[in-house]
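Below: one structure, written as structure tokens.
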Amino acid sequence: MRQPRGLQGTHETLKWHLFCDDLFFCVHVFTGESIEVSTAWVYDGGVREIFRHENTLQQSAADYLDISSRTLQIVDVDGGVSIVCRDDSGEVAFSMELKERNVFAWKDPADPDNEGVIHWPDMSGTATYKGKTYSGHGYCKRVMWAESPRYWGYRFLQSTKPDGSLALWGADGVFGFSKYDYFRLVRPDGTLLSADPEMSSHKQNTFYAKAGDTNYRIAFEELGYWETRLVSKSMDSMLRQQYGRMTLFANEKEVTSGPAFREYCYGTLG
């Protein structure tokens, strides 16, 4: 599917990340009523920030996602995305080419009148970094809200088997006074498993969910983190993004392990 134009609405989040063996690449764009922040970082044995900029992006005249600044270019390529990240000197720090496999979208339960969220949980792709190209598996999320709550907080986790044959993701959040929980797992054939929202929750480093007769537990181990404040005259939120490893258990039997991304954010919107 083609992604719509960027920098729309009063709140928009765009996020891509890619696991390539022991390398990890993350790009994040956040737009609120009073702030726009674009960031990129890499894990290559340690966390390396590529850039963090405010109010630099522009959407082209195209009717699809095509946003750019002096350090970031994100272009929809119909079924995927092309991303180029430059450091402050203008040199290309890394680039990514991602292709979609399965796309899942649903309305935002906090406000059904909003556009909602779109997830690409099992993308395939390549990253070019320090003169070498690496293959991997990744993820994209896009949130578009015409109206956003004043207060929010959430934890989010996404992971994939190293061969890309299974991907999982889930969140535990509060948006205003609305509670929002989910756990989803997409199998190699594209079928989707969803847990009962009442039986899905996050702890500090453990995620629990139940689907049918199966109890799932995900143990997360952090290897590195990057964080920033999203702050303006009318907004103050703390965002932390983590790279690490997860182990998935079903009825306390280990199913798989692999690289994982976790994010949490809390504060005010505006």
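Here the working numbering is used: the first residue of the sequence shown is 5, the next is one more, and so on. All C-beta atoms, glycine included, are put in the ideal place defined by N, C-alpha and C.
Looking only at C-alpha atoms, which of the options sits nearest to residue i?
{"i": "P263", "options": "D26, R56, R9", "result": "D26"}
{"i": "W45", "options": "D193, K19, Y68", "result": "K19"}
{"i": "L252", "options": "Q162, E231, E104, W110", "result": "Q162"}
{"i": "T130", "options": "E95, K103, F108", "result": "K103"}
{"i": "L170", "options": "Y143, E151, L227, D176", "result": "Y143"}
{"i": "G248", "options": "S241, N255, W230", "result": "W230"}
{"i": "C89", "options": "A66, E53, Y68, G83", "result": "E53"}
{"i": "G10", "options": "G174, L196, N255, W149", "result": "W149"}
{"i": "D92", "options": "T43, G168, E256, F265", "result": "T43"}
{"i": "D167", "options": "S198, M127, G135, V147", "result": "M127"}
{"i": "H123", "options": "F98, Q62, G174, S99", "result": "G174"}
{"i": "W110", "options": "L61, R146, D193, A213", "result": "R146"}
{"i": "E101", "options": "G94, S72, T132", "result": "T132"}
{"i": "L189", "options": "S139, P125, S152, V178", "result": "P125"}
{"i": "G36", "options": "F23, H21, T17", "result": "T17"}
{"i": "R266", "options": "L227, V259, E258", "result": "L227"}
{"i": "Q208", "options": "V259, F224, H15, T164", "result": "F224"}
{"i": "R191", "options": "Y212, T164, L69", "result": "T164"}
{"i": "Q12", "options": "S241, I71, D240", "result": "I71"}
If you run the structure through DSSP and keep just helix, strand and coil, what is residue i?
{"i": "P166", "result": "coil"}
{"i": "P125", "result": "strand"}
{"i": "M100", "result": "strand"}
{"i": "M203", "result": "helix"}
{"i": "K111", "result": "coil"}
{"i": "E53", "result": "strand"}
{"i": "T210", "result": "strand"}
{"i": "Y68", "result": "coil"}
{"i": "T60", "result": "coil"}
{"i": "V31", "result": "strand"}
{"i": "D80", "result": "strand"}
Could you tell me which residues DSSP pairs with residue i in its beta bridges?
{"i": "P1", "result": "Look at the range of the chain in this structure, 5 to 274, and you will see that residue 1 is not part of it."}
{"i": "G4", "result": "There is simply no residue 4 to check, as the chain begins at 5 and stops at 274 in what is shown."}
{"i": "R233", "result": "M242"}
{"i": "S38", "result": "In DSSP, S38 forms no bridge with anything."}
{"i": "S73", "result": "S73 is not bridged to any residue."}
{"i": "R90", "result": "V96"}
{"i": "T14", "result": "Paired residue(s): none; T14 is not in a bridge."}
{"i": "G120", "result": "M148"}
{"i": "R221", "result": "Y212, F253"}
{"i": "K136", "result": "Y133"}
{"i": "L227", "result": "Partner(s): none; L227 has no beta bridge."}
Quick one: which unbroken beta strand (DSSP E) runs of 3-plus residues sit fully inside the segment 140 to 199? Chain order, please. 155 to 164, 171 to 179, 182 to 190, 196 to 198
Tell me, please, whether the segment 203 to 210 touches the segment 172 to 186 by the rule of three or more beta-carbon pairs shorter than 8 Å. yes
Touch check for the segment 155 to 165 and the segment 264 to 274: three-plus C-beta pairs under 8 Å? yes
Closer than 8 Å is the cut-off here; do at least three beta carbon pairs connect the segment 51 to 66 with the segment 75 to 83? yes
How about the segment 235 to 242 and the segment 208 to 220: do they share at least three Cβ pairs that are nearer than 8 Å? no
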